[in-house]
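In case it helps, numbering that gives the first Met the number 0 puts the sequence shown at residues 0 to 295.
In this text, a Cβ means the ideal position worked out from N, Cα and C, and glycines have one as well.
Report on the following structure.
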Amino acid sequence: MDARQAAALAISVARRAGITGTSLSVEARGARTVVIFATHVAFVAHDDATTRKIAVERLVLNRLAGRLPVAIPRPVLADGPVCLRTKVLGGPGLRHHRYALANGSIGDAYAGDHGALIAALHTAFSSNELEAFVAAGLPDVAQLDLDDAIRGGEAMADRAIALALIEAHRAQVVAPADRTFLHGDVGSHNLVVDGNGRIAGLFDFEESAAGDRHHEMRWLPSYGDRFVRRVLEAYRARTGAAIDEVRLNRAHALAALAQYGWALRRPDEHHRTGRTPDQTRAWASEAVARATADSS
Numbered sequence: 000m001d002a003r004q005a006a007a008l009a010i011s012v013a014r015r016a017g018i019t020g021t022s023l024s025v026e027a028r029g030a031r032t033v034v035i036f037a038t039h040v041a042f043v044a045h046d047d048a049t050t051r052k053i054a055v056e057r058l059v060l061n062r063l064a065g066r067l068p069v070a071i072p073r074p075v076l077a078d079g080p081v082c083l084r085t086k087v088l089g090g091p092g093l094r095h096h097r098y099a100l101a102n103g104s105i106g107d108a109y110a111g112d113h114g115a116l117i118a119a120l121h122t123a124f125s126s127n128e129l130e131a132f133v134a135a136g137l138p139d140v141a142q143l144d145l146d147d148a149i150r151g152g153e154a155m156a157d158r159a160i161a162l163a164l165i166e167a168h169r170a171q172v173v174a175p176a177d178r179t180f181l182h183g184d185v186g187s188h189n190l191v192v193d194g195n196g197r198i199a200g201l202f203d204f205e206e207s208a209a210g211d212r213h214h215e216m217r218w219l220p221s222y223g224d225r226f227v228r229r230v231l232e233a234y235r236a237r238t239g240a241a242i243d244e245v246r247l248n249r250a251h252a253l254a255a256l257a258q259y260g261w262a263l264r265r266p267d268e269h270h271r272t273g274r275t276p277d278q279t280r281a282w283a284s285e286a287v288a289r290a291t292a293d294s295s
C-alpha cells in the first residue's frame, strides 16, 4: 500500500464516521500514513505488523482515557489497517516552547506541567496492566533506533566518544523500579497548550513502550538546565522517583545521534525535525560533549 492508496482508504473510513471535510494533509511515516482532518486523524498501516502495532496503540489510548491531566486522542473507528482518532486541539506546543524558554516564570510553569504530565504517564498503569500490554504487543523496551545512533556516531568528529556512549547504553541494565509505561516521545512537538500557555493535550503515541523512565525525558537537556531542574522537581514530587542525570544526558546524546543518523539515512524525511542535517550534527556534538562531561 502506498500513501495515495492509504489516504483514499482513510477518507472512506472517515466518511463512515460522519466526517465530510477534506483532508488537510497526508504524511507518510515509515510503514504508516497519517491523514489529518480538521477534528480527526487517521492512521493507516501499510503492513500486518504495523496494523498490529496500531491496534496496541488503540488499546493503550482506550485504557488511558481519564487517567491523565490533559486531553489525548480518542479512538473513534477502526477498520482493518485504519484507526480513526479524535484530534487533540489547542495551540502548538512547539511555538509556545520557544516563547516560554525566553520568559522565566512562564518557562517555569511550562516545565512544571511537563514534569506533572510525565509523572501522570508513568503512574497511569499498574505493573500488572503494563505486563498485559506487553503480552498484547506493546514493545518491552524503549523505542530507540540504535542502527541510526551508530550511523550518526560513526559520522561524528568525536566518533570514539560517541560510540562509547552507545556501548554504555547497551551495557546498562534497567532496574525494575525504573521500568514503566512510556509515551515514548514527550516533547513540545507532541503537545498542545491552552490560552494561558498551560499544557492541555498530548498526541502521537507511536513510540509507546514499557521501558526505562529516563528515556521519556531524553529531550529535556536541550531545553536548558533550569528547565530540567523544574521538570525533575515536579516529577519527583509526584512519583518519589529520582532521575539519574548521567543516564538522562546519555539518553539525550543517543537521541541526538539517532536523529543525525536518520538525517544521513533519510534526508528526505529529516525535515520533520525542523532542523537541517548540519544543525542536527551540531546538536549531537553538544549532546555527546554534555554526556561525556558527566563521566569525566
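Quick one: what's residue i bridged to in DSSP?
i: HIS39; result: THR85
i: VAL192; result: GLY90 and ILE198
i: PRO74; result: ARG84
i: SER24; result: ILE35
i: ALA44; result: ARG31
i: PHE180; result: ALA209
Taking the Cβ atom as the reference point for each residue, do residue i and residue j lie within a distance shorter than 8 Å?
i: GLY92; j: ASP193; result: no
i: ALA148; j: GLY260; result: yes
i: GLY183; j: ALA135; result: no
i: ARG264; j: ALA290; result: no
i: PHE180; j: LEU60; result: no
i: ALA233; j: GLY103; result: no
i: ARG94; j: THR85; result: no
i: ALA262; j: THR279; result: yes
i: ALA283; j: LEU143; result: no
i: GLY200; j: VAL43; result: no
i: ILE198; j: VAL12; result: no
i: GLU215; j: ILE71; result: no
Distance, Cα to Cα, residue i vs residue j?
i: GLY29; j: VAL75; result: 23 Å
i: GLU244; j: GLY114; result: 15 Å
i: HIS39; j: GLU56; result: 16 Å
i: GLY152; j: GLU285; result: 13 Å
i: VAL25; j: ALA99; result: 30 Å
i: VAL33; j: VAL287; result: 33 Å
i: LEU8; j: ALA163; result: 46 Å
i: GLY79; j: ALA176; result: 37 Å
i: ARG37; j: LEU145; result: According to the sequence shown, residue 37 is Ala rather than Arg. Going by the C-alpha atoms only, they are around 36 Å apart.
i: ALA208; j: ASP267; result: 27 Å
i: PHE202; j: ALA240; result: 25 Å
i: LEU190; j: ILE53; result: 20 Å
i: ILE35; j: SER126; result: 34 Å
With a cut-off of 8 Å, does the C-beta of residue i fall near any C-beta of chain D?
i: PHE226; result: Among the protein chains of the structure shown there is no chain D, as only one such chain exists.
Three-pair Cβ contact test at 8 Å for the stretch 101 to 116 versus the stretch 215 to 232:
yes
Ranges of the alpha helix (DSSP H) found wholly within the stretch 96 to 128, counting only runs of at least 4
103 to 121
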